[in-house]
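Going left to right, the sequence shown walks through residues 7 to 192 as our numbering numbers them. Think of the CB as a built atom: it goes at the ideal place given N, C-alpha and C, for glycine as much as any other residue. From a predicted model like this one, the values you see are computed outputs, not experimental measurements.
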Amino acid sequence: IRPVHPIEKTTFLDIGAGMGRALLLASEMPFRAVIGVEMHPALARIARRNLTVWRKEGRAQAPVRIVQADATSFVFPAGPCVGFLFNPFGAVVMRRFLRHVAQSFQHRPGEFDLLYVNNEQEGVLERQMYSRRWRFVRYFQGQVRRSRADARADHEILSNQPDGEYASADYEDCSIWRWQGGTLER
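Encoded structure:
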């Protein structure tokens, strides 16, 4: 899959940004802007602190901001966007988020790509593929090998989890979708 729009004209959105890892890495690219959307106040504060350190180290090359907001009502910026999700929602919220995307980009075909990592709610997207009004097209589904930095970060998480609540593998299940226009069924 090739981007429809140049990266310099595209906004990267880290939906469910948590502590901001994806948005920090995206800020090293020449995006028009990088925005983290995080609803939890404590996580948004941590992400802001992490961003301050990132900027002091001179690593942020794109304008970056973190918005404390509900992703199902966040006002998307004008122009093309890439939405990144690292499994931030359960099925109910995922459906609400996708309806919000459909309403926001209804008349903006090709202006929203969705990168979905650790895609546990992939079935929500797949079930909608059979709808006549559905306008997301999947361009990729598969496993992407994790980097050494990801493996180290996961090891830290695992060492702090009681009773093995978190598992790790050498890859992440991922998918890439592009919004083609139209609306979602309710």
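Separation of V130 from V143, as counted between CA atoms = 13 Å
Should M25 be labelled buried (16 or more other beta-carbon atoms within 10 Å of its own) or exposed?
-> buried
Quick check: the segment 85 to 96 against the segment 55 to 75, are there 3 or more CB pairs under 8 Å?
-> no
By the 10 Å Cβ neighbour count, where 16 or more other Cβ atoms means buried, how is P36 classified, buried or exposed?
-> exposed
So F111 packs on W185, CB below 8 Å; how close in whole Å?
-> 5 Å
Once you ignore the five residues that flank H11 on each side, which residues in its own chain have a CB closer than 7 Å to its CB?
-> P86
Count the C-beta pairs between the segment 144 to 157 and the segment 34 to 52 that are closer than 8 Å, then say yes if the count reaches three, no if not.
-> no
Go to V144, then tell me how far its alpha helix (DSSP H) extends in each direction, as first and last residue.
-> Rather than Val, the amino acid found at residue 144 in this sequence is Arg. First-last for R144: F142 to R151, but that is the beta strand (DSSP E), not the alpha helix (DSSP H).
Are I72 and A23 touching if we call contact CB-CB under 9 Å?
-> yes
Apart from the five residues on each side of it in sequence, which residues of its chain come closer than 6 Å, Cβ to Cβ, to P83?
-> T17
Using the C-alpha atoms, what's the distance from A39 back to A32?
-> 9 Å
Who are the Cβ neighbours of F80 in its own chain at under 6 Å, not counting the five residues just before and after it?
-> V43
Should L57 and L19 be called a contact, given that it needs their Cβ atoms to be closer than 9 Å?
-> no
Contact under 9 Å by Cβ, P9 with V88 | yes
What's the call for V107, buried or exposed, on a 16-neighbour Cβ count within 10 Å?
-> buried
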